[in-house]
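*Asks:* Please see the structure below; I have some questions.
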Amino acid sequence: PGYSDLTWSGDVFYEKNGFRAKIAARYRGGFLSEVPNFAGGLEGADAQSETIVDAQVGYTFEKEGSFLNGVQLLAEVFNLTNEPFVTQNELRGSNGVPLGQSFPSRHEIYGRTFQFTVRKTF
Numbered sequence: 005p006g007y008s009d010l011t012w013s014g015d016v017f018y019e020k021n022g023f024r025a026k027i028a029a030r031y032r033g034g035f036l037s038e039v040p041n042f043a044g045g046l047e048g049a050d051a052q053s054e055t056i057v058d059a060q061v062g063y064t065f066e067k068e069g070s071f072l073n074g075v076q077l078l079a080e081v082f083n084l085t086n087e088p089f090v091t092q093n094e095l096r097g098s099n100g101v102p103l104g105q106s107f108p109s110r111h112e113i114y115g116r117t118f119q120f121t122v123r124k125t126f
């Protein structure tokens, strides 16, 4: 359980004249997970693949003699696309034989997280 055949991550960023922007993404392929069953035990479930995207944009004021010199502004968004965590289970008949259909056994939404930072260096 918990092993994905394919995972990757990558960043794209740009910086110039105090301005900076970055987008980061990470992907995890489907894997075997576990969910509670009706008997109180754990049962295998197929966790679906997911891609999480984060973004940030910032600016640093660089004007000597100005009060704003050294002020940094940074805005960040984590889980920008609000990617859910989803598992699927195979539907089985009363005799335990798979029926060839599946159902979502878990659907968790964590939401986006926004962060804004103001920093002053002296």
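Counting in my numbering, the sequence shown runs from 5 upward without gaps. In this text, a Cβ means the ideal position worked out from N, Cα and C, and glycines have one as well.
Should Glu94 and Pro102 be called a contact, given that it needs their Cβ atoms to be closer than 8 Å?
*Replies:* The answer is yes: Cβ separation under 8 Å.
*Asks:* Quick check: what's the CA-CA separation for Tyr114 versus Asn86?
*Replies:* 7 Å
*Asks:* From the DSSP output, read off the bridge partner residues of Asn93.
*Replies:* Phe107
*Asks:* So, with DSSP's three-state summary, where would you put Gln52?
*Replies:* coil
*Asks:* Report buried or exposed for Ala43, applying the criterion of at least 16 other Cβ atoms within 10 angstroms of its Cβ.
*Replies:* exposed
*Asks:* Could you give the DSSP three-state label for Gly6: helix, strand or coil?
*Replies:* Coil.
*Asks:* Do you know offhand how far Ser13's Cα is from Thr64's?
*Replies:* 27 Å
*Asks:* Should Thr55 be labelled buried (16 or more other beta-carbon atoms within 10 Å of its own) or exposed?
*Replies:* exposed
*Asks:* Nearest to Gly69 by alpha carbon, out of Ser8, Leu46 and Phe126?
*Replies:* Comparing Cα positions, the closest option is Phe126.
*Asks:* Check for me: the beta strand (DSSP E) holding Ser70 runs from which residue to which?
*Replies:* Looking at the DSSP string, Ser70 is not in any beta strand (DSSP E), and its letter there is neither H nor E.
*Asks:* What are the partner residues of Phe42, as DSSP defines its beta bridges?
*Replies:* Per DSSP, none; premise fails for Phe42.
*Asks:* Within its chain, find whatever has a CB closer than 6 Å to the CB of Gly97; leave out the 5 residues flanking it on each side and keep chain order.
*Replies:* Leu103
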